[in-house]
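Protein sequence lines, in the order shown, are assigned to chains A and B.
All letters in the first sequence, in the order written, are residues 1 to 114 by the working numbering.
All letters in the second sequence, in the order written, are residues 115 to 226 by the working numbering.
For glycine and all other residues, C-beta sits at the position ideal for the given N, C-alpha and C.
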Amino acid sequence: DVKVTQSSRYLVKRTGEKVFLECVQDMDHENMFWYRQDPGLGLRLIYFSYDVKMKEKGDIPEGYSVSREKKERFSLILESASTNQTSMYLCASSLTLGPYNEQFFGPGTRLTVL
Amino acid sequence: EDKVVQSPLSLVVHEGDTVTLNCSYEVTNFRSLLWYKQEKKAPTFLFMLTSSGIEKKSGRLSSILDKKELFSILNITATQTGDSAVYLCAVVAGGSNYKLTFGKGTLLTVNP
């Protein structure tokens, strides 16, 4: 079974702090994704990576950056956290792109920015 | 802009009922549609649909796609309390092969 793990289930940070969210997958998937999930807005793609050191912006990249130094690990960085970044963050991975883009999700990190 | 709309947004039923969840889409160059179930954690994959009229089935859950009318339905028969979850529909479309566009989900509550 594909396993996607995220470093924290719950995180509380203060405005202006730098925040790192880590995601690791154990199935040698090429592609990894970061989403945020908010009530009434559904899941929205922040960034994705299709290879080590390769990344592309999703729908809402502002205020975020990402890092993929190793194939199995994809990090989401909030350079200066703000209260409007309080959300549930979900990481996903997939073996292929294209129409058969079945993504496997991690358990999520619920981030609160005070 | 690609759009995926799910209905209803929430639904409360009793154990044993049959439910139908709807997902309609307006996208450019449809490729596939996926259904996920999300309890209090990671969304888990249910079905992927690419062809019209071919039912996918897993136990009490089934799903079908209509590419002419641009919608899919997810049926759950003989519901159980363990079916309580948010059901997410997502579409892969257009030139963005990586991008899943998600609907807002349907919250299903099954009462004993």
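Short Cβ contact (9 Å threshold) for residue i with residue j
i, j, result
"B/Asn189", "B/Val133", "yes"
"A/Leu90", "A/Tyr35", "yes"
"B/Thr220", "B/Leu125", "yes"
"B/Leu202", "B/Val127", "no"
"A/Phe74", "A/Ser67", "yes"
"A/Ser82", "A/Asp38", "no"
"B/Lys236", "A/Gly40", "Outside the shown range of chain B, which is 115 to 226, sits residue 236 of chain B, and nothing can be said about it."
Residue closest to residue i, alpha-carbon to alpha-carbon, out of the options
i, options, result
"B/Lys155", "B/Cys203, B/Val205, B/Ala199, B/Thr223", "B/Ala199"
"A/Cys23", "A/Val113, A/Gly108, A/Thr96", "A/Gly108"
"B/Ile168", "B/Phe159, B/Asp180, B/Thr195, B/Cys203", "B/Asp180"
"A/Ser94", "A/Thr86, A/Gln85, A/Phe105", "A/Phe105"
"B/Thr82", "B/Glu153, B/Ser172, B/Glu115", "No answer is possible for residue 82 of chain B: it lies beyond the span of chain B, which begins at 115 and ends at 226."
"A/Gly63", "A/Val4, A/Thr15, A/Gly42", "A/Thr15"
"A/Gln85", "A/Glu17, A/Gly58, A/Asn31, A/Glu56", "A/Glu17"
"A/Leu78", "A/Glu69, A/Lys70, A/Pro61", "A/Pro61"
"A/Gly58", "A/Val4, A/Arg9, A/Leu76, A/Thr5", "A/Leu76"
"B/Thr164", "B/Asp116, B/Lys182, B/Pro157", "B/Lys182"
"B/Leu123", "A/Val4, A/Phe33, A/Gly42, A/Gln37", "A/Gly42"
"B/Ser121", "B/Lys213, B/Asp197, B/Ile187", "B/Ile187"
"A/Lys53", "A/Asp38, A/Gly40, A/Pro39, A/Lys71", "A/Lys71"
"A/Ser80", "A/Thr5, A/Val4, A/Leu114", "A/Leu114"
"A/Phe33", "B/Lys213, B/Ser176, B/Gly217", "B/Lys213"
Own chain residues within Cβ distance below 7 Å of residue i, not counting five before or after
i, result
"B/Ser87", "Summary: the structure shown does not reach residue 87 of chain B, with chain B confined to residues 115 through 226, and so no result is reported for it."
"A/Glu102", "Ser94"
"B/Gly130", "Ala192, Thr193"
"B/Arg174", "Ile190, Thr191, Ala192"
"A/Val4", "Cys23, Gln25, Cys91, Ala92, Ser93, Phe104, Phe105, Gly106"
"B/Gly208", "Asp116, Val141, Thr142, Asn143"
"B/Ser90", "Lying before the first or after the last residue shown, residue 90 of chain B is absent from chain B, which here runs from 115 to 226."
"B/Thr195", "Glu129, Val224, Pro226"
Neighbourhood of residue i by C-beta distance below 8 Å, restricted to the same chain and skipping five residues each side
i, result
"A/Leu11", "Val19, Leu21, Thr109, Arg110, Leu111, Thr112"
Neighbourhood of residue i by C-beta, 6 Å cutoff - its chain only, sequence neighbours within 5 removed
i, result
"B/Gln205", "It is worth fixing the name first, because residue 205 of chain B is Val in this sequence and not Gln. Cβ within range, chain order: Val118, Tyr139, Val141, Leu147, Thr215."
"A/Ser7", "Glu22"
"B/Leu135", "Leu188, Tyr201, Thr220"
"A/Lys55", "Tyr47, Ser49, Val66"
"B/Glu153", "Ala199"
"B/Ser176", "Glu169, Asn189"
"A/Lys13", "Val19, Ala81, Val113"
Between the stretch 40-47 of chain A and the stretch 17-28 of chain A, are three or more C-beta pairs nearer than 8 Å?
-> no
Would you call the stretch 84-101 of chain A and the stretch 142-149 of chain B touching, i.e. three or more CB-CB distances under 8 Å?
-> yes
Runs of beta strand (DSSP E) wholly within the stretch 162-211 of chain B (minimum 3 residues, chain order) | 170-172, 175-180, 185-190, 199-207
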